[in-house]
RNA sequence: GCCGCUGUGGCGGAAUUGGCAGACGCAAGAGACUUAAAAUCUCUCGAUGGGCAACUGUCGUGCCGGUUCGAUUCCGGCCAGCGGCACCA
């Protein structure tokens, strides 16, 4: 080859040209259709990894493609830059989190992302740790506080002893901390919450409108929200006027109740056992269960245990007296913290009844009429005909479900209810590097929100992070002590900061007008750009970030700041980057450093490989040889194009008259194929395969020399299409 | 246990609407060039049988069955792997 494929020279030339000309800067332009393409912004940990490269390569191809198709494309990048690693670095190396974070951002932006040749409008860059951003977190918090959507309550919270902070329910993964995998414990604390449950119904029903989202993400969200419809029924405690409410979805089995179970934390426990001879043993049992951490307690192998309280309750349907037990499997957080137990028709109750010798009564008979309580080996949970159920005998249990609910409401012993698995979002974090919660505590006025005019509440810089004791904000007198804006008296600042998921819950709106200083964002700009047409990121955020962002969008809509119900029209969840069968991670030692690939092969090879090796939503197995292959291909492209570029420079492009020509046909078939592959499901791997076929055809075609003028089109096609990839 | 996804050569993966299974790439093998190597180029490459050969028979998309002229694709039943949820009342 006369000329080598010198990726360094080429990439440097184009990248500096893009930067100098601000090629990818966009402004609102109503004459063009808009397209908002967004990749989930990274945490500035210091270095990008292959997952980022893949994510941004996908987004970049989509953006470039849409631009060529005449769209006005918003393609921004920013930094999710509050968070724990910065604090840990500060403790370990004595460097301030702010300095550490900002240096990381500069390095990752200038030395890594820009080298990848990504088509971002860098003028719209956003960093959540800057006060020009987080002041709007505070502003939104206060708006939510005013509407009762942000509130404080004393509650049992998930506590990660290693991160030394509270976790939201969404951040506990099978009893372990989502970030550090420590066992989560319980703690009773005063905490700030966002009332996401107020939007449970809408978050659920809108799942069906999100047709551009992968089914499995929607399923996960629906599961998480967890709606169940049933009735709340009130039992009376025998020998007292106290009421014990239960929730059930199986009111058709109410006549089969043979005992009740309550959670060890149930507030009525004390009065139930008062004066009973069982009291002491019951108390000991409850204390033991409550001491267990969340992971142990929710482990499915955990033995179901219980103890009789000595008290009885009366079933309002048949006035029957049933014993009240405490069960370690009853959760105070769900329903009413008390359940009715129907061993004949619920497997867990059946096991429990067998273990403790409690009675079993059949109230739904099967078709063969063969169910006999004493002979049952397991609970009968299928449909059947009602028996032993008074006036409801003879109906099918599905009919009876409605009839009994009606009866319960008519006789005022309970009502139809909906229960949600979704809990309110606990956002208080006992950490330094986050958005200060803009609240004051005044001895005379109580809880006082910081007035808008005093925002932002700045994070103090003159603090020392030792990793010991309490958050530095608690120890900073100048931060903590202030004056009450209402009465002028002494007041204390809230020293908790916000969960960093608050930051990422509305950043996509900020990109629409990142310099706006009168509001979180400009309503008109957001009206033009939103919603995000294509959102791309990892599946790990299926519940956490994506649910919170949907919630925030609805709140912001209801504040009148934005007209739209959902933030992301289409969602692409990319697979992980895998090497030797495992996710790339430092602990496994199978990390491939993007910098190394960039230096050895260049950005285009790195991007080409990550798009070619697998369709975007699937996991991508890293292969060093595959990278070689991608590099070889680019080399072949370079060679054939540069071989003929001089010859064809002044030749007119072939037109329709050449349609019988083999290469002409191939060129157009390839253009069609690539377009279709991108339009349909973003199958870049097959689009690239088609380009490879075309290049092979070109080599074949030119192997015996070329005379005519067909090459110009080929060259043009190659140029256009590789630009899409490169 | 429940819900979802996936299953195709040695490997990553194609086959878009039921119509040539295995595109493209990787690995492997052979050859050309070279003193040699690298690079590059050309050819072969699912399994198995027949033929010196051009060629050709049979089988083959996790397993069993069904619909169809025809099934990787549609239907029913199983198996395996991955992911999510789960004492949720």
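In our numbering, the protein residues as written are 7 to 732. Glycine is no exception: its CB is placed at the ideal position from the N, C-alpha and C atoms.
- Within the region 461 to 510, the complete alpha helix (DSSP H) segments of 4 residues or longer fall at 478 to 481, 483 to 486, listed in chain order.
- The shortest CA-to-CA distance from residue 493 to any of 553, 451, 257 is the one to 451.
- Between the C-alpha atoms of residue 286 and residue 266 there is a straight-line separation of about 20 Å.
- Within the region 13 to 62, the runs of beta strand (DSSP E) at least 3 residues long that lie entirely inside it are, in chain order, 40 to 45.
- For residue 474, the closest C-alpha among the options 97, 65, 48, 86 is that of 97.
- With a contact defined as Cβ atoms closer than 8 Å, residue 597 and residue 611 miss out at about 18 Å.
- Residue 226 sits close to residue 549, with the two beta carbons spaced by under 8 Å.
- CA-CA distance, residue 687 to residue 173, rounds to 36 Å.
- Cβ-Cβ distances below 6 Å link residue 171 to 435, 436, 437 in the same chain, with the five nearest sequence neighbours on each side left out; the list follows chain order.
- In the DSSP annotation of this structure, the continuous segment of the alpha helix (DSSP H) that includes residue 292 starts and ends at 285 to 297.
- At least 8 Å separates the beta-carbon of residue 241 from that of residue 369.
- A direct Cα-to-Cα measurement between residue 329 and residue 220 gives close to 48 Å.
- The DSSP assignment places complete alpha helix (DSSP H) segments of no fewer than 4 residues inside the region 99 to 176 at 103 to 113, 137 to 152, in order along the chain.
- Of the candidates 375, 182, 380, 375 places its Cα closest to the Cα of residue 389.
- Nearest neighbour of residue 311 by Cα position, chosen from 358, 157, 318, turns out to be 358.
- In the DSSP secondary-structure assignment, residue 540 is bridged to 43.
- A Cβ-Cβ separation of about 5 Å places residue 192 in contact with residue 162 under the 8 Å criterion.
- At the C-beta level, residue 348 and residue 315 stay beyond 8 Å of one another.
- A straight line joining the alpha-carbon of residue 31 with that of residue 130 spans about 9 Å.
- In the DSSP assignment, residue 327 falls within the unbroken beta strand (DSSP E) covering 326 to 333.
- Residues of the same chain with a CB within less than 6 Å of the CB of residue 425, apart from the 5 flanking positions on each side, are 234, 253, 341 in chain order.
- Under the DSSP assignment, residue 192 falls outside any alpha helix (DSSP H), being part of the beta strand (DSSP E) whose first and last residues are 191 to 200.
- For residue 574, the secondary structure class from DSSP, reduced to helix, strand or coil, is strand.
- When C-alpha distances from residue 530 are compared across 523, 524, 519, 538, the shortest belongs to 519.
- Using a 10 angstroms sphere on the CB of residue 160, the tally of other CB atoms stays under 16, which defines it as exposed.
- Rounded to the nearest whole angstrom, the C-alpha separation of residue 385 and residue 144 is 53 Å.
- Three or more pairs of CB atoms, one per stretch, sit closer than 8 Å, so the region 114 to 134 contacts the region 21 to 29.
- Listed in chain order, the non-local C-beta contacts of residue 430 below 7 Å within the same chain comprise 199, 200, 201, 202, 203, local neighbours out to five positions each way being set aside.
- Residue pairing from DSSP places residue 435 in a beta bridge opposite 503.
- Ranked by Cα distance from residue 205, the first of 194, 232, 181, 180 is 232.
- Here residue 518 carries a coil assignment [DSSP, helix/strand/coil].
- When DSSP assignments are scanned along the region 202 to 233, the uninterrupted stretches of alpha helix (DSSP H) that are 4 or more residues long and fall wholly within it turn out to be 206 to 211, 221 to 231.
- Put simply, of 59, 469, 247, 49 the residue whose alpha carbon is nearest the alpha carbon of residue 601 is 59.
- The count of Cβ pairs closer than 8 Å, one atom from the region 34 to 52 and one from the region 555 to 568, stays below three, leaving the stretches out of contact.
- In the DSSP assignment, residue 320 falls outside any alpha helix (DSSP H) and within the unbroken beta strand (DSSP E) covering 312 to 321.
- Rounded to whole angstroms, the Cβ separation of residue 317 and residue 279 is 7 Å, and the two are in contact under 8 Å.
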